[in-house]
Amino acid sequence: MKLWGGRFETEPVEIMEEFNASLSFDRRLYREDIAVSRAHAMMLGKTGIISAEDAKAITKGLKEILTDMDKGKFTFSPSDEDIHTAVERGLGEKIGETAGKLRTGRSRNDQAVTDLRLYVMSDIDQVAMLIADLMAALTDRAESEGGAIMPGYTHMQKAQPITLGHHLMSYVFMLDRDAARFIDCRTRVDILSLGSGALAGTTFPIDRDLVAKELGFSKVSANSLDGVADRDFVLEFMADAAITMTHLSRFAEELILWTSREFGFARMSESFSTGSSIMPQKKNPDAAELVRGKTGRVTGDLMAMLTVMKGLPLAYNKDLQEDKEALFDAADTLKKCLRIMAGVVRTLTFDAARMSKAADDDFITATDLADYLAVKGIPFSAAHTIVGNIVKICVRKNKRLTDVTLEEYKDFSPLFERDVLDVIRVKRSVERRESAGGVAPKQLKSQITAARGLIAARGNDPSPGA
Ligand code: ARG
């Protein structure tokens, strides 16, 4: 069926039909599409634009179509251009020509974008819960095993000792910002476009507030051109998804390093690893690698849609049909990756001994040594130079800071006393960093408490339809 056959004398060629159709990907919007149509029909009846009887027939028919589609019993026709066409055709087959009244005061342009807004709002709710679940998985591990000391890195060189808990919690706060971004984005998705008509509104005395209320939108769009042409909400969702994926990929990369033989900080569970067809010994961290790789896809989806929107004149253009595949791909990928990462985190085995061995190495407490001198009254810059010299000599003599005797330290500065040997211990270095947000165990505890509050606020039930 065509919703626009009247003006045409011939049919489009087959390849054009196929090129034009969006049913293969927009059929996943059927619930939203039917909800939007039911709200519209109800409003048409209440305002007297159509008779109450017709409105009732339409809403009843739509309800049956919903049931059929839910059960997989609805037969889509190859000629259904999109989900809107399929539903209207199905309705016509059920209730006859009254079905055509559903189109009063409405266009597919405002309908398609309204469907999508509903879909994105529900996806945002799911994503926020999945993020909270990953935050909970990380916080649990930080609480149970977070005291383990590990090296902290800058430039991928050992920098200062930190704890596993401190490292894991950094991702919790990152993820909380991601969730906040999605929730903020939701306020700009939560706008009813329906009622904008094709582009200029409608001559019918429609009641948009009624439709908004029925569908759960908190506002109606203020300008009909913007109402049909706005896809900022899609861009914003995808930008938020790309940022979240970027965070996941940083963590994925670290997990890949940590689970390597060279690091050996953790082992990935067999349930999230795979093997090699030729090398019998291999256990590869595929889950993390795929998360890292799929980040490219989601960033690509965002770029694709920004490019579609660039220079697009108002109002509706068929280019806008491209919004759906990119959005669905970004949302599906993100949701899958969040679930995978939560599973990976819950099943990792950390090797505290390997981490602590890696931390107790190198000149990792050199900053503590410089701080020690600065506390005794010399400028930090001068202390930095003295410790730099100590490190230089140590490198030359193949010694570690802990191999240097008190007498040797005193040769570099008379300010060194016996307690310096304590200050350069890795454990002390961690314990003494008590500044707010620092690596000390007390600070980790308050991070965990704060995170528990954030997780509770986001809700941590990832089940609903995600
Ligand atoms: N399938 C279309 C889309 O996804 C629906 C809107 C069609 N509007 C039109 N004027 N042809 O954007």
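Numbering (our numbering), first residue to last: 733 to 1198.
For every residue, glycine included, the Cβ atom is placed at its ideal position computed from N, Cα and C.
Computed from a predicted structure; not experimentally measured.
I'd like to confirm something about residue i: is its beta-carbon nearer than 8 Å to some heavy atom of the ligand ARG, or not?
i: residue 851; result: no
i: residue 756; result: no
i: residue 812; result: no
i: residue 839; result: yes
i: residue 1048; result: yes
i: residue 945; result: no
i: residue 844; result: yes
i: residue 816; result: yes
i: residue 1056; result: yes
i: residue 1052; result: yes
i: residue 1036; result: no
i: residue 932; result: no
Apply the 10 Å Cβ neighbour rule to residue i and answer buried if 16 or more other Cβ atoms are within range, or exposed otherwise.
i: residue 1111; result: exposed
i: residue 871; result: buried
i: residue 777; result: buried
i: residue 937; result: exposed
i: residue 1168; result: exposed
i: residue 833; result: buried
i: residue 1187; result: buried
i: residue 1107; result: exposed
i: residue 1010; result: exposed
i: residue 1061; result: buried
i: residue 743; result: exposed
Just how far apart, CA to CA, sit residue i and residue j?
i: residue 1197; j: residue 1067; result: Because the pLDDT at residue 1197 is just 40, under 50, the model does not fix this residue reliably, and the point stays unresolved.
i: residue 907; j: residue 865; result: 10 Å
i: residue 1191; j: residue 880; result: 29 Å
i: residue 1195; j: residue 1059; result: Since pLDDT at residue 1195 reaches only 46, below the 50 mark, its modelled position is unreliable, and no value is offered.
i: residue 1104; j: residue 882; result: 22 Å
i: residue 1003; j: residue 1016; result: 11 Å
i: residue 921; j: residue 912; result: 14 Å
i: residue 964; j: residue 1040; result: 12 Å
i: residue 885; j: residue 983; result: 14 Å
i: residue 895; j: residue 1180; result: 13 Å
i: residue 1036; j: residue 733; result: 31 Å
i: residue 687; j: residue 957; result: Limits of the chain in this structure are 733 at one end and 1198 at the other, which puts residue 687 out of reach.
i: residue 898; j: residue 1159; result: 14 Å
Within the continuous beta strand (DSSP E) that includes residue i, where are the two ends?
i: residue 883; result: 881-886
i: residue 893; result: 889-895
Since residue i contacts residue j with CB under 8 Å, what's their CB separation in whole angstroms?
i: residue 977; j: residue 1056; result: About 19 Å separates the two Cβ atoms, so there is no contact after all.
i: residue 781; j: residue 837; result: 7 Å
i: residue 773; j: residue 787; result: 5 Å
i: residue 981; j: residue 1024; result: 4 Å
i: residue 961; j: residue 1047; result: 4 Å
i: residue 918; j: residue 867; result: That pair is no contact at about 18 Å.
Where does the unbroken alpha helix (DSSP H) through residue i begin, and where does it stop?
i: residue 1178; result: 1173-1190
i: residue 990; result: 964-990
i: residue 851; result: 840-877
i: residue 1019; result: 1018-1041
i: residue 1141; result: 1138-1144
i: residue 1161; result: 1158-1163
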